[in-house]
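Visitor:
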């Protein structure tokens with residue numbers, strides 16, 4: 001149960017009260033004191049999703065099967081450099097060869113695997129898995145070649161959305177202004193017009209707007225059915241990325257649990273070729289809780305006239321002087337802005353990245369510049385951001401006041417200057433590459449990344465969970481748990497542990513049909529309720545209860561102090577049990593257990609045999 005920090009008591013008193021709330025000598029935990037929102041007398045009891053020893057039995061069975069089939073050796077790849085690295089000279093690479101993305105010394109991962117879409121359609125996953133297991137991004141080119149060729153041009157999307165006969169579709173939308181990261185309300189037609197021709201604010205400063213979730217990911221298929229089908233058709237490595245395929249662990253999540261929202265999601269954002277330093281990052285540095293595939297489906301170049309460029313340069317000079325005064329505390333004047341690609345602090349050259357961006361501007365197909373950091377470099381990246389956080393601007397274009405977690409806060413974008421300083425001080429650099437039209441970028445979970453559009457872009461993103469990334473997803477979940485209440489990344493939307501258990505059960509039953517292991521949530525006994533949170537009568541939560549201390553340990557002998565409480569858990573998720581190894585007896589009519597005056601009842605209502613709508617109602621009276 002989370003502590004109630006909004007009860008009106010000061011933080012010092014709150015800390016003193018919380019310090020006295022400890023576990024009892026026998027290991028039990030009392031309900032928090034009344035000052036913290038509890039009752040102070042009853043005992044908290046932690047509930048489990050599954051029956052006793054179900055998970056232990058599953059793990060033991062899985063380990064036995066893995067040993068019999070020698071799966072430990074099957075999943076190991078040689079440590080030597082991949083065979084696709086046939087040359088150290090990037091000019092000798094063919095179109096289907098790796099793409100240089102970094103210049104790390106004594107490193108074998110400066111190049112990224114970059115196959116053509118037509119070469120990965122035959123289901124040969126070994127080469128992909130070799131790189132994916134190492135936590136390396138993968139770029140797949142020409143993914144739109146094998147599609148019907150629908151137009152993703154913004155005005156086409158606008159006309160399709162305008163036909164929706166629903167009050168839910170609004171002509172005015174809320175977009176994010178990337179200069180100060182505040183929401184602005186804008187007419188949808190005007191937004192798309194700015195996408196094609198640009199929008200400019202004070203002193204002709206380019207306005208970079210970003211629109212996400214139109215339509216909402218849950219309504220993507222309904223509102224844009226043909227585009228939804230084309231997107232699924234163009235996805236590479238469908239065994240991993242498609243929601244109903246076997247190597248996407250998202251498909252194994254039981255229909256009883258709410259399924260996480262994984263997309264697809266439409267992202268539409270402006271972009272200009274020149275690095276503005278302020279307000280041109282459409283995606284700040286962050287780390288997704290799962291793997292993600294991002295496809296660039298449309299680009300539009302906004303040409304800046306010479307007088308506009310001159311005005312922008314003058315404003316950049318004023319911004320630089322302001323930064324010296326506000327951030328660095330310097331009062332000296334500067335004559336000009338430091339040339340792009342060089343650090344204003346230590347003079348460290350970032351000429352390769354600057355050259356990459358220059359070539360990206362000239363490339364008619366280039367749309368966005370990605371910076372993706374390796375998992376092993378995250379600690380050093382965090383140290384750098386904690387050290388230099390005052391040099392960055394975020395909300396209202398003001399200096400970042402404080403840092404909770406420099407990765408999960410999503411408050412930072414590393415410019416050329418900062419990337420140069422990062423390499424000089426800590427010896428690390430990201431993979432930096434240009435995403436071109438028709439390219440799919442796959443980012444493994446746990447790799448922080450940031451994006452800057454050099455043209456206006458339409459992207460479609462889809463999350464998935466691969467077996468290779470499940471450990472990293474669990475590690476990220478643990479990071480989210482220690483974030484303070486109210487943090488944007490605090491909520492565990494992925495339910496990765498339940499996903500992993502259901503995937504393991506499915507795999508065991510496939511490899512050993514005699515196993516017949518079931519992990520069906522049940523309501524019978526202390527280990528069988530919907531959830532794992534401890535709660536009391538003051539805030540009844542799913543799968544938890546507060547009971548008075550009694551001698552009995554079984555469900556039948558406990559005195560539940562939840563009279564008069566009623567709540568309902570409803571999950572409208574598709575449940576294809578036969579396809580994914582689910583339990584066919586989940587549609588039981590009712591399960592009732594009596595305990596004095598307490599009655600617990602659950603019912604499943606199935607309205608459609610092909611689309612099971614699971615409804616769970618729990619009554620306590």
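Numbering (full-length UniProt numbering), first residue to last: 1 to 621. Just so you know, even glycine gets a beta-carbon here, dropped at the ideal spot from N, CA and C. In this text the structure is predicted, and so the values were computed from the model without any measurement.
By DSSP, does residue 31 sit in helix, in strand, or in coil?
Guide: By one-based count along the chain shown, residue 31 stands at place 31. Three-state DSSP puts residue 31 in coil, outside helix and strand.
Visitor: Assuming residue 400 is part of the beta strand (DSSP E), what are its boundary residues?
Guide: Locating residue 400 in the chain shown gives position 400, where the first residue counts as 1. Careful: residue 400 lies outside any beta strand (DSSP E) and carries neither H nor E.
Visitor: Assess, as a yes-or-no matter, whether the segment 456 to 467 is touched by the segment 475 to 485 under the definition of 3 or more beta carbon pairs within less than 8 Å.
Guide: no
Visitor: Could you check the C-alpha separation between residue 496 and residue 318 for me, to the nearest Å?
Guide: The sequence position of residue 496 within the chain shown is 496, counting from 1. The sequence position of residue 318 within the chain shown is 318, counting from 1. For residue 496 and residue 318, the distance between alpha carbons rounds to 47 Å.
Visitor: By Cβ distance below 8 Å, which residues in the same chain neighbour residue 20 in space, the five residues on each side in sequence not counted?
Guide: To locate residue 20, count along the chain shown from 1; it is residue 20. For residue 20, where only same-chain residues beyond five positions count, the Cβ hits under 8 Å are 33.
Visitor: Does residue 154 come out as helix, strand or coil in the three-state DSSP assignment?
Guide: As a position in the chain shown, residue 154 is number 154, starting the count at 1. Residue state, collapsed to three classes: helix.
Visitor: Which word fits residue 627, buried or exposed, when buried means at least 16 other C-beta atoms lie within 10 angstroms of its C-beta?
Guide: The question about residue 627 has no answer here: the residues shown for the chain are numbered 1 through 621.
Visitor: Count the other CB atoms, across all protein chains shown, that sit within 10 Å of the CB of residue 235; report buried if there are 16 or more and exposed otherwise.
Guide: In the chain shown, the residue the question calls residue 235 occupies position 235. Residue 235 is classed as buried because its beta carbon has at least 16 other beta carbons within 10 Å across all chains shown.
Visitor: In three-state DSSP terms, what is residue 295?
Guide: Counting from 1 along the chain shown, the entry for residue 295 is found at position 295. Strand, per DSSP.
Visitor: In angstroms, rounded to a whole number, what distance separates the CA positions of residue 270 and residue 292?
Guide: Locating residue 270 in the chain shown gives position 270, counting from the first residue. Locating residue 292 in the chain shown gives position 292, counting from the first residue. Residue 270 and residue 292: Cα-Cα distance of roughly 21 Å.
Visitor: Quick check on the burial criterion: 16 or more other C-beta atoms within 10 angstroms. Buried or exposed for residue 282?
Guide: Taking the first residue of the chain shown as position 1, residue 282 is located at position 282. When all chains shown are included, residue 282 counts as buried.
Visitor: In whole angstroms, what is the alpha-carbon distance linking residue 52 and residue 58?
Guide: As a working note, residue 52 is residue 52 in the chain shown. As a working note, residue 58 is residue 58 in the chain shown. So the two alpha carbons sit approximately 12 Å from each other.
Visitor: On the DSSP bridge assignment, give the partners of residue 111 in chain order.
Guide: In the chain shown, residue 111 corresponds to position 111, counting from 1. For residue 111, which the question treats as bridged, DSSP gives the partners 100.
Visitor: Quick check: the Cα distance between residue 218 and residue 262, rounded to an integer number of angstroms?
Guide: In the chain shown, counting from the first residue as 1, residue 218 sits at position 218. In the chain shown, counting from the first residue as 1, residue 262 sits at position 262. Each residue's Cα considered, the two are about 9 Å apart.
Visitor: Between the segment 368 to 380 and the segment 422 to 429, can you find at least three pairs of beta-carbon atoms closer than 8 Å?
Guide: Two segments are said to touch when three or more pairs of C-beta atoms, one from each, lie closer than 8 Å; by this definition the segment 422 to 429 touches the segment 368 to 380.
Visitor: On a Cα-Cα basis, can you pick out the residue from 145, 150, 144 and 125 that is closest to residue 138?
Guide: For this step, residue 138 is matched to residue 138 along the chain shown. Closest by alpha carbon: 125.
Visitor: Got a sec, what are the start and stop residues for the alpha helix (DSSP H) residue 226 sits in?
Guide: Numbered from its first residue, the chain shown carries residue 226 at position 226. Counting along the chain, the alpha helix (DSSP H) containing residue 226 begins and ends at 225 to 234.
Visitor: Roughly how many whole angstroms lie between the Cα atoms of residue 62 and residue 471?
Guide: By one-based count along the chain shown, residue 62 stands at place 62. By one-based count along the chain shown, residue 471 stands at place 471. Residue 62 and residue 471: Cα-Cα distance of roughly 16 Å.
Visitor: Given residue 585, which residues of its chain have a CB within under 7 Å of its CB, disregarding the five upstream and five downstream residues?
Guide: As a first step, residue 585 is located in the chain shown; it is residue number 585 there, counting from the start. A caution first: residue 585 carries a pLDDT of 32, below 50, which makes its placement in the model unreliable, though a value can still be read off. So no residue of the chain qualifies.
Visitor: Tell me the rounded alpha-carbon separation between residue 201 and residue 285.
Guide: One-based indexing of the chain shown puts residue 201 at position 201. One-based indexing of the chain shown puts residue 285 at position 285. Distance between the alpha carbons of residue 201 and residue 285: 25 Å.
Visitor: Let me know the secondary structure DSSP gives residue 710 once reduced to three states.
Guide: This structure does not reach residue 710, given that the chain is present from 1 up to 621, and the question cannot be answered.
Visitor: In its own chain, which residues sit with a C-beta less than 6 Å from the C-beta of residue 395, not counting the 5 before and 5 after it?
Guide: Within the chain shown, numbered from 1, the residue matching residue 395 stands at position 395. For residue 395, where only same-chain residues beyond five positions count, the Cβ hits under 6 Å are 181.
Visitor: Only counting runs of 3 or more residues, tell me where the beta strand (DSSP E) segments fall wholly within the segment 390 to 468, in order along the chain.
Guide: 431 to 436, 440 to 443, 449 to 453 and 456 to 464
Visitor: Have a look at residue 156 and residue 435 and give me their C-alpha separation to the nearest angstrom.
Guide: The sequence position of residue 156 within the chain shown is 156, counting from 1. The sequence position of residue 435 within the chain shown is 435, counting from 1. One C-alpha to the other measures close to 23 Å.
Visitor: Is it right to say residue 313 is buried, meaning 16 or more other beta carbons lie within 10 angstroms of its own, or is it exposed?
Guide: Residue numbering aside, residue 313 sits at position 313 when the chain shown is read from its first letter. Flag for residue 313 reads exposed.
Visitor: Assuming residue 133 is part of the alpha helix (DSSP H), what are its boundary residues?
Guide: Residue numbering aside, residue 133 sits at position 133 when the chain shown is read from its first letter. That run of the alpha helix (DSSP H) goes 126 to 133.
Visitor: Answer yes if the segment 379 to 388 comes into contact with the segment 411 to 426, meaning at least three C-beta pairs across the two stretches below 8 Å, and no otherwise.
Guide: yes
Visitor: If I measure Cβ to Cβ from residue 400 and keep anything under 6 Å in the same chain, skipping five residues before and after, which residues do I get?
Guide: Position 400 of the chain shown, counted from the first residue, corresponds to residue 400. Excluding residues up to 5 positions away in sequence, 389, 392, 394 and 411 lie with their Cβ nearer than 6 Å to the Cβ of residue 400 in the same chain.
Visitor: Straight-line CA distance for residue 473 to residue 290?
Guide: Indexing the chain shown from 1 puts residue 473 at position 473. Indexing the chain shown from 1 puts residue 290 at position 290. Near 6 Å, if we compare the C-alpha coordinates of residue 290 and residue 473.
Visitor: Go to residue 246, then tell me how far its beta strand (DSSP E) extends in each direction, as first and last residue.
Guide: Translated into positions along the chain shown, residue 246 becomes position 246. Counting along the chain, residue 246 falls outside any beta strand (DSSP E), and DSSP gives it neither H nor E.
Visitor: Kindly list the residues whose CB is nearer than 8 Å to the CB of residue 609, restricted to its own chain and excluding five residues on each side of it in sequence; keep chain order.
Guide: Taking the chain shown and counting its residues from 1, the one referred to as residue 609 is at position 609. Low per-residue confidence applies at residue 609: pLDDT is 30, beneath 50, and the placement is therefore not dependable enough to give any value.
Visitor: Would residue 195 and residue 498 be called neighbours here (beta carbons separated by less than 9 Å)?
Guide: What you label residue 195 is simply residue 195 of the chain shown in a count that begins at 1. What you label residue 498 is simply residue 498 of the chain shown in a count that begins at 1. No, the pair does not count as a contact, with Cβ atoms beyond the cut-off.
Visitor: So, is residue 623 buried or exposed, given that buried needs 16 or more other C-beta atoms within 10 angstroms?
Guide: Outside the displayed span of the chain (1 to 621) sits residue 623, for which this structure offers no information.
Visitor: By the 10 Å Cβ neighbour count, where 16 or more other Cβ atoms means buried, how is residue 209 classified, buried or exposed?
Guide: The residue labelled residue 209 in the question sits at position 209 within the chain shown. By the 10 Å Cβ count, residue 209 comes out buried.
Visitor: With a 10 Å radius around its C-beta and 16 neighbouring C-beta atoms as the bar for buried, classify residue 624 as buried or exposed.
Guide: The requested residue 624 does not occur in the structure, where the chain is confined to residues 1 to 621.
Visitor: How far does the alpha helix (DSSP H) with residue 388 in it extend, from its first residue to its last?
Guide: Walking along the chain shown from the start, residue 388 turns up at place 388. Run containing residue 388: 378 to 388, per the alpha helix (DSSP H) assignment.
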